[in-house]
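Contents: one structure, followed by commentary.
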Amino acid sequence: EGSLGELEARRLRDERDRTLRDELETHRELDRRQREERDLDDRRHRDERDQISEREASRLRDERDRTSREECEARSRAEERERMGAAALANAAHAAALRDQASAAAHNAAVVTAGGGEAGA
Numbered sequence: 154e155g156s157l158g159e160l161e162a163r164r165l166r167d168e169r170d171r172t173l174r175d176e177l178e179t180h181r182e183l184d185r186r187q188r189e190e191r192d193l194d195d196r197r198h199r200d201e202r203d204q205i206s207e208r209e210a211s212r213l214r215d216e217r218d219r220t221s222r223e224e225c226e227a228r229s230r231a232e233e234r235e236r237m238g239a240a241a242l243a244n245a246a247h248a249a250a251l252r253d254q255a256s257a258a259a260h261n262a263a264v265v266t267a268g269g270g271e272a273g274a
């Protein structure tokens with residue numbers, strides 16, 4: 154009977170060892186799957202961050218380009234206003250000179266008429 158008890162004890166130990174090895178293998182498999190899932194999640198999040206970064210960079214480039222265009226247009230409008238202002242000043246000066254000439258001619262004509270034909274200064 155001692156021999157049967159030893160055989161039974163050995164069988165139980167072997168069965169327990171197999172069970173423990175199976176459980177250990179199951180835990181290793183679960184750990185491996187969890188690592189793979191974490192790696193996938195990490196890659197997915199990295200890809201999402203990269204896409205967000207690319208969209209943000211594109212948005213910033215578009216905004217910079219728009220601002221640059223607006224500044225260029227504003228400079229062009231300011232230069233045009235300056236040209237128009239200079240032209241208006243030139244026209245006003247020319248008109249004033251013509252008025253002065255007309256006034257001087259009218260004065261001379263009045264003096265000539267009043268003086269009997271002599272031109273006055």
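Its first residue numbered 154, the sequence shown is counted upward by one per residue in the numbering used here.
Every residue, glycine too, gets a C-beta built ideally from N, C-alpha and C.
Asked	Found
Between the CA atoms of Thr172 and Glu180 - distance to the nearest angstrom	Position check: residue 180 holds His in this sequence, whereas Glu was assumed. Distance between the alpha carbons of His180 and Thr172 is about 12 angstroms.
Glu235 versus Ser229 - alpha carbon distance	10 angstroms
For Asp184 and Asp170, the rounded distance between their alpha carbons	21 angstroms
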